[in-house]
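First to last, the sequence lines map onto chains B and Z. Reminder that position 137 of the first sequence reads as 137 in UniProt numbering, one-by-one numbering, no gaps. Reminder that position 198 of the second sequence reads as 198 in UniProt numbering, one-by-one numbering, no gaps. Beneath this line is the structure, given in structure tokens, with notes to follow.
Protein chains: 2
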Amino acid sequence: MARKTGSHSEITGPRIRAAAEHLFARHGYAAVSMRQIAAEVGVQAGALYLYTPDKQSLLADLMRDHLDGLLAACAALPPVNGPEARLDQFARFHIGYHIDRPDAVFVAYMELRNLEPANFTAIEALRRRYENTLEAILRDGRAAGVFAVPDTKLATLALIAMLTGVTNWYREGGRLGRAEVEAIYAAMALNAVGASPLPTR
Amino acid sequence: MARKTGSHSEITGPRIRAAAEHLFARHGYAAVSMRQIAAEVGVQAGALYLYTPDKQSLLADLMRDHLDGLLAACAALPPVNGPEARLDQFARFHIGYHIDRPDAVFVAYMELRNLEPANFTAIEALRRRYENTLEAILRDGRAAGVFAVPDTKLATLALIAMLTGVTNWYREGGRLGRAEVEAIYAAMALNAVGASPLPTR
DNA sequence: GTCTATACGCCGATAGAC
DNA sequence: GTCTATCGGCGTATAGAC
Numbered sequence: 001m002a003r004k005t006g007s008h009s010e011i012t013g014p015r016i017r018a019a020a021e022h023l024f025a026r027h028g029y030a031a032v033s034m035r036q037i038a039a040e041v042g043v044q045a046g047a048l049y050l051y052t053p054d055k056q057s058l059l060a061d062l063m064r065d066h067l068d069g070l071l072a073a074c075a076a077l078p079p080v081n082g083p084e085a086r087l088d089q090f091a092r093f094h095i096g097y098h099i100d101r102p103d104a105v106f107v108a109y110m111e112l113r114n115l116e117p118a119n120f121t122a123i124e125a126l127r128r129r130y131e132n133t134l135e136a137i138l139r140d141g142r143a144a145g146v147f148a149v150p151d152t153k154l155a156t157l158a159l160i161a162m163l164t165g166v167t168n169w170y171r172e173g174g175r176l177g178r179a180e181v182e183a184i185y186a187a188m189a190l191n192a193v194g195a196s197p198l199p200t201r
Numbered sequence: 001m002a003r004k005t006g007s008h009s010e011i012t013g014p015r016i017r018a019a020a021e022h023l024f025a026r027h028g029y030a031a032v033s034m035r036q037i038a039a040e041v042g043v044q045a046g047a048l049y050l051y052t053p054d055k056q057s058l059l060a061d062l063m064r065d066h067l068d069g070l071l072a073a074c075a076a077l078p079p080v081n082g083p084e085a086r087l088d089q090f091a092r093f094h095i096g097y098h099i100d101r102p103d104a105v106f107v108a109y110m111e112l113r114n115l116e117p118a119n120f121t122a123i124e125a126l127r128r129r130y131e132n133t134l135e136a137i138l139r140d141g142r143a144a145g146v147f148a149v150p151d152t153k154l155a156t157l158a159l160i161a162m163l164t165g166v167t168n169w170y171r172e173g174g175r176l177g178r179a180e181v182e183a184i185y186a187a188m189a190l191n192a193v194g195a196s197p198l199p200t201r
């Protein structure tokens with residue numbers, strides 16, 4: 001027990017990242033000062049620079065880690081057969097993953113314009129890779145004749161915008177439960193591309 | 001001709017608002033300084049305060065004017081018969097209106113968190129009124145048995161998110177024309193709520 | 001109506017004590 | 001590993017000359 005006041009290296013780093021994510025999501029990157037982040041963690045501003053070279057890296061790392069996690073989780077989905085089942089799975093996954101990480105999602109979608117060019121390019125590439133996994137599903141579905149989409153790129157962006165919008169209103173313990181929300185959005189996504197809805201799971 | 005350097009009252013005000021809207025959209029409210037806005041207009045920073053009491057009012061006024069215009073334009077749509085036609089009309093209107101004002105839309109959707117509480121409440125009420133016009137269409141359609149939506153509130157938010165997403169990628173002179181984009185989105189919206197698509201106009 | 005000058009505070013980041 | 005103290009700069013907003 002009773003420990004010296006110093007040496008909290010293993011926990012301070014993550015706490016700084018968590019505080020930054022929370023404050024960036026709530027007030028925006030530009031509106032949050034390093035002093036505010038430090039205060040939230042309970043250290044002085046100078047101590048932050050033991051864990052990040054500067055404020056910009058803090059933002060870029062948060063966004064990169066979020067997108068890396070998203071891509072990894074998406075790649076780890078169990079294989080399913082047929083475009084309809086794949087779109088259903090993707091929609092439910094997207095909703096669930098985003099519902100669980102509202103702050104990270106908010107930062108990753110809203111702070112792109114505050115990234116320096118090099119960081120922007122890198123983050124944008126990750127986002128594009130994620131979109132491409134959805135577009136591949138839509139292309140396969142169209143080729144198989146089960147989706148009716150005039151333009152797969154447009155449909156991809158429309159679906160992602162619709163699904164991501166869940167983070168604007170969903171609150172834990174609200175009127176609609178998580179599984180319900182996933183099911184409704186998945187059904188709307190399938191309908192939107194002209195697929196026959198899947199039987200309820 | 002040859003006019004004194006002063007007295008540009010009628011044009012400086014709108015130019016300040018236009019510059020602020022553009023810069024806020026591009027870099028975010030918190031990241032833009034009054035000095036930058038003044039520089040864009042070609043006046044000194046102090047002169048801005050002849051046209052706005054402070055920076056916060058500049059933001060709130062931009063957002064309020066945008067939403068007022070949106071509501072007025074929406075209310076002025078010609079009447080059409082039947083939920084499907086009304087949803088089709090709403091979707092095309094929403095896409096078109098948003099495509100024409102990308103900066104205003106961006107600011108109105110992204111800078112809510114930078115509004116002081118009183119301004120936030122007022123702006124949020126306008127946004128809610130707009131959403132309600134869509135929800136009324138969905139409720140009527142469900143009552144008439146032509147839309148299949150488990151929850152009209154959720155469907156409203158999902159559709160608005162999908163439609164508004166167009167501003168993230170649409171560019172004048174791009175691969176897809178404006179009418180094409182409107183038609184595709186409107187068809188996706190109708191599909192999403194389980195309506196039979198309208199015959200192509 | 002616009003300018004210049006300025007008040008006053010907070011910003012990100014660093015240096016050096018402990 | 002954290003703190004205190006500090007640097008130079010830029011932020012919003014105002015005062016007063018023209």
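We treat Cβ as the ideally placed atom computed from N, Cα and C, and that holds for glycine.
### Message
Let me confirm a value: Glu84(B) is counted as buried when at least 16 other C-beta atoms fall within 10 Å, else exposed. Which label applies?
### Response
A residue is called buried when at least 16 other Cβ atoms come within 10 angstroms of its Cβ; Glu84(B) meets this threshold and is buried.
### Query
Residue range of the alpha helix (DSSP H) that Ser57(Z) falls in?
55-75
### Query
When you check each C-beta in the segment 159-172 of chain B against every C-beta of chain Z, which residues fall closer than 9 Å?
Residues of the segment 159-172 of chain B with a C-beta atom less than 9 Å from some C-beta of chain Z are Leu159, Ile160, Ala161, Met162, Leu163, Thr164, Gly165, Val166, Asn168, Trp169, listed in chain order.
### Task
Give the straight-line distance between the Cα atoms of Arg178(B) and Ile11(B), rounded to the nearest whole angstrom.
Approximately 31 Å, taken between the alpha carbons.
#### Entry: Boundaries of the alpha helix (DSSP H) in which Asp140(Z) is found, first to last residue
Counting along the chain, the unbroken alpha helix (DSSP H) around Asp140(Z) starts and ends at 117-143.
### Task
Could you list which residues in chain Z have their beta carbon closer than 8 Å to that of Pro117(B), in chain order?
The contacting residues do not exist; Pro117(B) stays about 14 Å from chain Z at best.
### Message
My output table needs one value for Asp103(B): the three-state DSSP class, helix, strand or coil.
### Response
Correct three-state label for Asp103(B): helix.
### Message
When you compare the CB of residue 211(B) with every CB in chain Z, is at least one pair closer than 7 Å?
### Response
This structure does not reach residue 211(B), given that chain B is present from 1 up to 201, and the question cannot be answered.
### Message
Can you pull the chain B neighbours of Ala39(Z), defined as C-beta to C-beta under 8 Å?
### Response
Under the 8 Å cutoff, chain B gives no residues; its nearest Cβ is about 18 Å from Ala39(Z).
### Close beta carbons around Ala183(B), own chain, < 6 Å, minus the five adjacent residues each side
none
### Task
Starting from the Cα of Gly173(B), find the closest Cα among Ala31(B), Pro79(B), Asp100(B) and give me that residue.
Closest option to Gly173(B), Cα to Cα, is Asp100(B).
### Query
Which value, in whole angstroms, describes the spacing of the CA atoms of Glu116(B) and Glu124(B)?
12 Å
### Message
Under 8 Å: do the segment 40-60 of chain Z and the segment 12-22 of chain Z share three or more Cβ pairs, one atom per stretch?
### Response
yes
### Task
Quick one: measure Cβ to Cβ for Ala195(B) and Leu163(B), integer angstroms, because I've assumed they're closer than 8 Å.
Contact doesn't hold; Cβ gap of about 15 Å is too wide.
### Contact with chain Z by Ile184(B), beta-carbon distance below 7 Å
yes
### Message
Tell me the rounded alpha-carbon separation between Ala161(Z) and Arg86(Z).
### Response
18 Å
### Query
Near Arg35(Z), what residues of its chain come up, given a Cβ to Cβ distance below 8 Å and the 5 sequence neighbours on each side ignored?
Correct list, in chain order: Ala45.
### Task
Within 10 angstroms of the Cβ of Thr121(Z), are there 16 or more other Cβ atoms? Answer buried if so, exposed if not.
exposed
### Straight-line Cα distance separating His94(B) from Arg128(B)
15 Å
### Message
Taking 7 Å as the threshold (C-beta atoms), are Val105(B) and Leu62(B) in contact?
### Response
no
### Message
7 Å is my cut-off, CB to CB: does residue 202(Z) come that close to chain B?
### Response
The structure shown does not extend to residue 202(Z), since chain Z is modelled only from 1 through 201, so no value can be given for it.
### Query
For Leu50(B), which residues of its own chain have a beta-carbon under 6 Å away from its beta-carbon, when the five flanking residues on both sides are left out?
Cβ neighbours of Leu50(B) beyond the five flanking positions: none.
### Message
Suppose the cutoff is 8 Å on Cβ atoms and the five residues either side in sequence are ignored; what does the same chain contact list for His181(Z) look like?
### Response
A small fix is needed here, since residue 181(Z) is Val in this sequence, not His. Cβ within range, chain order: Ile95, Ile99, Val166, Tyr170.
### Query
Is Leu126(B) closer than 7 Å to Leu67(B) when the C-beta atoms are compared?
yes
### Query
Taking 6 Å as the line, does the beta carbon of Ile11(Z) fall inside it for any heavy atom of the ligand FMN?
With respect to the ligand FMN, the structure shown offers nothing to examine, as it has no ligands at all.
### Task
Count the other CB atoms, across all protein chains shown, that sit within 10 Å of the CB of Glu149(Z); report buried if there are 16 or more and exposed otherwise.
Going by the sequence as given, residue 149(Z) is Val instead of Glu. Buried is the call here.
### Query
Among Leu59(B), Asn168(B), Phe147(B), which one has its Cα closest to the Cα of Pro197(B)?
Phe147(B)
### Query
Of all the residues that make up the segment 126-151 of chain B, which are near chain Z by a beta-carbon distance shorter than 9 Å?
Result list: Ala148, Val149, Pro150, Asp151.
### Message
Let me check understanding here. Comparing Cα to Cα, which of Leu134(Z), Ala158(Z), Leu157(Z), Ala25(Z) lies closest to Asn114(Z)?
### Response
Check the Cα spacing between Asn114(Z) and each of Leu134(Z), Ala158(Z), Leu157(Z), Ala25(Z): the tightest is with Ala25(Z).
### Query
With Asp88(Z) and Ala186(Z) assumed to form a contact (beta carbons below 8 Å), what rounded beta-carbon distance in angstroms separates them?
5 Å
### Residues that Arg92(B) contacts on chain Z, provided the C-beta gap is smaller than 9 Å
The premise fails here: Arg92(B) is roughly 14 Å from chain Z at the closest Cβ pair, so nothing lies under 9 Å.
#### Entry: Burial state of Gly155(B), where buried means 16 or more other Cβ atoms lie within 10 Å
Checking the sequence shown, residue 155(B) turns out to be Ala, not Gly. The residue is buried, with at least 16 neighbouring Cβ atoms inside 10 Å.
### Query
By how many angstroms is the C-alpha of Tyr29(B) removed from the C-alpha of Val193(Z)?
37 Å
### Query
Would Val32(B) be called buried (16 or more neighbouring beta carbons within 10 Å of its own) or exposed?
That one is buried.
### Task
Counting only the same chain and skipping the five closest in sequence on each side, list residues whose C-beta sits under 6 Å from that of Asp103(Z).
Glu21, His22, Ala25
### Query
Leu154(B) CB to nearest chain Z CB: under 7 Å?
True, the Cβ-Cβ gap to chain Z drops below 7 Å.
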